[in-house]
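Below is one structure; the comments refer to it alone.
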Amino acid sequence: MASMMRIALAALAALMIGPAMAQAQQGPLRIEITDGVIEPLPYALPTFVAETGDAGQMANDITRVIAADLSGTGLFREIPESAHIQRFGAFDIPVSYPDWQAINAQALIVGGVSMQGGKVVVKFRLFDIYSGQQLGDGQQLAASPASWRRLAHKVADVIYSRVTGESGYFDSRVVFVSETGPKDARQKRLAVADYDGANIQYLTDSSTIVLAPRFSPDGGRVLYTTFETGFPRIKMLDTRNVAATLLPEIPGTMTFAPRFSPDGGSIVYSMEQGGNTDLWTMGVNGGSPSRLTNSPAIETAPSYSPDGSRIVFESDRSGTQQLYIMSAGGGEPTRISFGEGRYGTPVWSPRGDLIAFTKQHAGRFHIGVMRTDGSEERLLTASFLDEGPTWSPNGRVIMFTRESPGAAGGAQLFSVDISGRNLKKVDGVGAASDPAWSPLLP
C-alpha cells in the first residue's frame, strides 16, 4: 500500500496545485496533496505482445498511442525499451520485479494484442514495481480494426485512473474551426478530431463563416454559429449523420454563442435585438425563448455550472468586460472578476470547482482560472493572443486557441494543465481555433 501511495502521490502532485484530496484505487487510503510540482513518474511499457500472427503492427501502434497519451500529460515519463532488462515473449510471463527496480521503473504496463473474429482484442495488466503487486484486475477490450486508436486511448484512461485516482480524458474528441487561407481572408469549416488531433473529420464546407462550436453532453450533437444567411444564426448538427438545421429565431434578431445545458434539454445563447444583446434560453427542439438578462450592456459567452443551477457569462455592464454569475433561471447577477484588465469567454469546469477564462491585460492575452466566487485567480498562459478555453472531461487540462502575430501568423490549438505546466501544441489539426472538448466517449 505504501508503494501505491508513492505512485499516486507522484502523479497527483504534478497534476494539482494547492491543497486537494484524492482517493487511492486499492483501499481506503486518502492522500493529501500540498505540493505543486515534482518529477514525472517513470514507467515501463514494453511493446504489447502480438498473440496472433496478424497482430504485430497493431500491437506496436497501440503501444505507441498509449505511451503518447501517458507521457503527453507531463505526469509520466517512459523508460526507453532499450533499457529494459526483462523481455516479454508472452502476455502471462511472470514479472521479474528486480529487473524493473534496477532501471528505476515505478510502474509497469504489460499487454497483448490479437485478431479474433474480425476484431482487435487488447488485454493488459498494470504493476506496482515497489510493492511487487498488480494494481487492479487485468482487463480485456475489443473493437473493430478501424477503432484501434480508441482501444489504445481506453487502455491509457484505465492506467491513468488507477495511478492518479482520477478519471482519464484520452478517449474523447474535440470539435473546432479548421482554418485555411491568408490571415485577412480566412476560410473556416467545422471539424472534429480525437483529443490528440488524429482522425480528423470535416463537418461543414468552407462556403460560410462558422464560429464557436459546442458539444452536447452526450457528444452526439454540436451547436455553432453560422453566417450562411448573412447574419449570425445558431445551427445544430448531428455528428452521426452530419445533418444540420437552423434553430428558430425571432425575426429581426441575431443569435450566437450557444451552449447546451448539462441535461442537453435546452440551450443558452446571446440574442441581439434592437441594438441590445442579452442572454436567452430555449429548448433544443424549439419553443418560446425565455429572456434571462435585461441590460443595455453586451452580455454573451454563457456557460452552465455542471449541475445546471447557475450560469457564468461575460458582460460590460460595469463599463469594462467582466465575468458574472447568476441563477440559470435569470435574476440579478453577481460579478466575480475584479483583477486588472478585461475578462471574457468563461467556461465552468466539469468538476464544478473552477472557471476558466480569457484575460486581456497590458497588451497580452492569458488563459486563467479562478474559483467560482472569483478568488484564487491564476494565469496559466501569456502570449500575443490566447483565447477561448475549453475543459477536458476530467477538469484537469484546458485547450485553447493561440494566434501568432504578423501577416503570416495563424491560429493553432494548444493545451495546458491547471497548474500552468505542460503547455503544448495539439499536433495534426493544422490551423485551427475555437476548440470545444467532448465528454468521454461511451
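The sequence shown maps to residues -22 to -1, 1 to 420 in mature numbering (1 follows the signal peptide of the UniProt record, and there is no 0). We put the CB at the ideal spot given by N, CA and C, even for glycine.
Just mark LEU224 as buried or exposed, buried being the case when its beta carbon has 16 or more other beta carbons within 10 Å. exposed
Quick check on DSSP: helix, strand or coil for GLU56? strand
Since SER185 is in the alpha helix (DSSP H), which residue starts that stretch and which ends it? Here SER185 belongs to no alpha helix (DSSP H), and DSSP marks it neither H nor E.
Output yes or no for whether 9 Å exceeds the beta carbon distance between HIS344 and GLU318. no
How big is the Cα-Cα spacing for ALA130 and TYR147? 12 Å
Keeping to the same chain, check which residues put their C-beta closer than 8 Å to that of ARG237; ignore five residues upstream and five downstream. ARG192, LEU201, ILE245, VAL246, TYR247, PRO280, SER281, TYR282
Simplified DSSP state of TYR138, which is helix, strand or coil: helix
Evaluate the contact criterion for the stretch 40 to 55 versus the stretch 67 to 77: three or more CB pairs, one atom per stretch, below 8 Å. no
Given that a residue counts as buried once 16 or more other Cβ atoms are within 10 Å of its Cβ, and exposed if not, what is PHE54? buried
Mind checking whether the beta-carbon of THR223 lies closer than 8 Å to any heavy atom of the ligand MN? The ligand MN is absent from the structure shown, which contains no ligands of any kind.
Looking at the strands, I want to know which residues DSSP matches up with ARG128. None, per the DSSP bridge assignment.
Spatial neighbours of THR336 within its chain, please: C-beta separation below 6 Å, excluding the five flanking residues on both sides. GLY322, THR323, GLU365
Cross-strand partners of MET214 (DSSP beta bridge): LEU201, THR223
Less than 9 Å between the C-beta atoms of GLN79 and ILE107, yes or no? yes
Do you know how far the Cα of THR207 is from the Cα of GLU354? 43 Å
Let's test the definition: count the other Cβ atoms within 10 Å of the Cβ of GLN300 and tell me whether it reaches 16, buried, or not, exposed. buried
For ALA306, does the three-state DSSP call read helix, strand or coil? coil
Looking only at its own chain, which residues have a Cβ that is under 6 Å from the Cβ of LEU401, when we skip the five neighbours before and after it? VAL394
Closer than 8 Å is the cut-off here; do at least three beta carbon pairs connect the stretch 86 to 94 with the stretch 22 to 35? yes
For PRO76, count the other beta carbons within 10 Å of its own beta carbon; 16 or more makes it buried, fewer makes it exposed. Which is it? exposed
Quick one: what does DSSP say GLY384 is sitting in, helix, strand or coil? coil
Only counting the same chain, and skipping five residues up and downstream in sequence, which positions put a Cβ closer than 7 Å to that of LEU23? THR41, ILE44, ALA45, GLU56, ILE87
Can you give me the Cβ contacts of ALA334 inside the same chain, cut-off strictly under 6 Å, excluding the 5 residues immediately before and after it? VAL325, VAL347, PRO367, ILE376
Does ILE44 come out as helix, strand or coil in the three-state DSSP assignment? helix
By Cβ distance below 8 Å, which residues in the same chain neighbour ASP32 in space, the five residues on each side in sequence not counted? MET93
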